[in-house]
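> Residue numbers (my numbering): 15 to 344.
Glycine included, each C-beta is placed from N, C-alpha and C at the ideal position.
#1: In whole angstroms, give me the CA-to-CA distance for residue 253 and residue 154.
#2: At the level of alpha carbons, what is the spacing between residue 256 and residue 176?
#3: Given this structure, state the Cα-to-Cα distance separating residue 231 from residue 249, to the nearest angstrom.
#4: Quick check: what's the CA-CA separation for residue 193 versus residue 277?
#5: Work out the CA separation of residue 68 and residue 220 for me, nearest whole Å.
#6: Which class does residue 286 belong to by DSSP, given the choice of helix, strand or coil?
#7: Roughly how many angstroms separate the alpha carbons of residue 64 and residue 71, rounded to a whole number?
#8: Applying the 10 Å Cβ sphere with the 16-neighbour rule, what's the burial state of residue 38?
#9: Could you give the first and the last residue of the continuous alpha helix (DSSP H) run that contains residue 295?
#10: Under the rule that 16 or more other beta-carbon atoms within 10 Å means buried, what is residue 309, buried or exposed?
#11: DSSP on residue 344, reduced to helix/strand/coil?
#12: What residue does the alpha helix (DSSP H) around residue 172 start on, and which one ends it?
#13: Flag this pair as yes or no: are the beta carbons of residue 294 and residue 320 separated by less than 8 Å?
#14: Does any CB atom of chain B fall closer than 8 Å to the CB of residue 136?
#15: Assuming residue 166 contacts residue 108 (C-beta within less than 8 Å), just tell me the rounded distance between them.
#16: Please return the same chain residues whose Cβ sits closer than 6 Å to the Cβ of residue 235, not counting the five positions on each side in sequence.
#17: So if DSSP puts residue 80 in a beta bridge, which residue, or which two residues, is it bridged to?
#18: Among 186, 290, 307, which has the Cα closest to the Cα of residue 275?
#19: Rounded to a whole number of angstroms, what is the C-alpha to C-alpha distance between residue 97 and residue 152?
#20: Compare the Cα-Cα distances from residue 140 to each of 73, 216, 217 and report the closest residue.
#21: When DSSP labels each residue in this structure, what does residue 201 get in the three-state scheme?
#22: How many Å lie between residue 327 and residue 244 at the Cα?
#23: Using 8 Å as the threshold, is the C-beta distance between residue 183 and residue 104 below it?
#24: Buried or exposed: which applies to residue 57, given that a residue is buried once 16 or more other Cβ atoms fall within 10 Å of its Cβ?
#25: Name the DSSP beta bridge partners of residue 142, please?
#26: Over the uninterrupted beta strand (DSSP E) stretch that includes residue 72, give me the two end residues.
#27: Tell me the DSSP bridge mates of residue 60?
#28: Does DSSP classify residue 147 as helix, strand or coil?
#29: When you compare each of 111, 233, 174, 224 to residue 209 by their alpha carbons, which one comes out closest?
#30: Which two residues bound the contiguous alpha helix (DSSP H) that contains residue 233?
#31: What number of angstroms, rounded off, separates the C-alpha of residue 59 from the C-alpha of residue 197?
#32: With a CB to CB cut of under 6 Å and the five nearest residues on each side skipped, what residues in its chain are close to residue 189?
#33: Under DSSP, the alpha helix (DSSP H) around residue 106 begins and ends at which residues?
#34: Roughly how many angstroms lie between the CA atoms of residue 147 and residue 340, to the nearest whole one?
#35: Where residue 49 and residue 99 are concerned, what is the direct C-alpha to C-alpha distance, given to the nearest angstrom?
#36: If I measure Cβ to Cβ from residue 121 and keep anything under 8 Å in the same chain, skipping five residues before and after, which residues do I get?
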């Protein structure tokens, strides 16, 4: 498909037509703690040449409006349209969407120099500010919307951040309710599902977490957020069998036998389960420094698992990754 040229916006060519939507996540019974946003159905409408001024130009003075020019015979339109609708709804009212059939509105399409379908415009304050033509991937469309809404955060994103903070503060049950409320509105949000797994792991209900993971397809299971949640689950499972009262004994044993890697590894496991992540990382780094190949590189692998569980942005992860690289490449 050829791109359009629009002043002041520049059309973006499609480069990654990944059209497969993410599968719905089977959560089983759900508890909604965040009220569903029933008004989202009003965010998407069809219009024509006569309604364009009111539905797009005037409406965009209040909230950005995405205009989707499509045609019934257009194959890519059948994929792009639903994907746009899903992401517009996910934005929770920060953007609206208007659909226009080019076959029935040729003069308007010509006025806007629509050369092919699908073609999508973004209107803000009564004027076009961005555009693209052709089929884009979901991530590219999300980036298009994110650019349009700027620093504003959709309600779902705010709920996800609140849930993560709640879990970090130690209230796994409340955090699970928040993550579940997000999934009740949009079951395709994989980070919310991953959050639920983390919450269940923190509550010690390992069987339920494993049962939920077994329902996932291979693509979702390979998602980076889900993999990080699995790491958190595995660490929680390991910690469940540890006796925190043994910390002192294990530390004494390691102090007496610094090269006893098995004892140091057990100490690191016990420390992490006792919320002493920094100390656990120190001991695992020491194992890698002394004998990186020990037990099939168990020290390094456990560190990676901890990095996943903590998250890439955690200060402990950032610092420990640098230290691990220094050890591995020294």
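Checking against the coordinates, here is how it stands:
#1: Separation of residue 253 and residue 154 (C-alpha to C-alpha, rounded to the nearest whole angstrom) is 40 Å.
#2: About 30 Å.
#3: The alpha-carbon atoms of residue 231 and residue 249 are separated by roughly 23 Å.
#4: Answer to the nearest angstrom: the Cα atoms are 38 Å apart.
#5: Straight-line Cα distance between these residues: approximately 54 Å.
#6: Three-state DSSP puts residue 286 in a helix.
#7: Cα to Cα, residue 64 sits roughly 12 Å from residue 71.
#8: Confidence at residue 38 is low in this model, with a pLDDT of 42, below 50, so its placement is unreliable and the value that follows should be read with caution. Burial call: exposed.
#9: Its alpha helix (DSSP H) spans residues 291-305.
#10: Exposed, since its Cβ has fewer than 16 Cβ neighbours within 10 Å.
#11: For residue 344, the three-state secondary structure derived from DSSP is coil.
#12: Here the alpha helix (DSSP H) through residue 172 covers 169-182.
#13: Going by C-beta atoms, residue 294 is nearer than 8 Å to residue 320.
#14: Although the question refers to chain B, the structure presented lacks it and comprises just one protein chain.
#15: Right, their Cβ atoms sit about 5 Å apart.
#16: Excluding sequence positions up to five before and after residue 235, its CB lies less than 6 Å from no other CB in the same chain.
#17: Note: residue 80 sits in a beta bridge opposite 111, 136.
#18: Among 186, 290, 307, the Cα nearest to that of residue 275 belongs to 307.
#19: Their backbone Cα atoms lie some 7 Å apart in a straight line.
#20: Residue 140 has its Cα closest to that of 73, out of 73, 216, 217.
#21: Coil at residue 201, not helix or strand.
#22: The straight-line gap from Cα to Cα measures roughly 18 Å.
#23: Taking 8 Å as the cut-off, the Cβ atoms of residue 183 and residue 104 do not count as close.
#24: Label assigned to residue 57: buried.
#25: Looking at the DSSP output, residue 142 bridges to 137.
#26: Per DSSP, residue 72 belongs to no beta strand (DSSP E) and is neither H nor E.
#27: The partner list for residue 60 (beta bridge, DSSP) reads 113.
#28: In this structure, residue 147 counts as strand in the three-state DSSP scheme.
#29: Considering only alpha carbons, the answer is 174.
#30: Residues 232-235.
#31: When rounded, the distance between both Cα atoms is 24 Å.
#32: These residues qualify, in order along the chain: 177, 180, 181, 213.
#33: Residue 106 -> no alpha helix (DSSP H), and no H or E assigned at all.
#34: Answer to the nearest angstrom: the Cα atoms are 47 Å apart.
#35: Its pLDDT being 42, under 50, residue 49 is placed unreliably in this model, and the value from its coordinates should be taken loosely. Rounded to the nearest whole angstrom, the C-alpha separation of residue 49 and residue 99 is 20 Å.
#36: For residue 121, same chain residues with a beta-carbon under 8 Å away, outside a window of 5 residues either side, are 63 in chain order.
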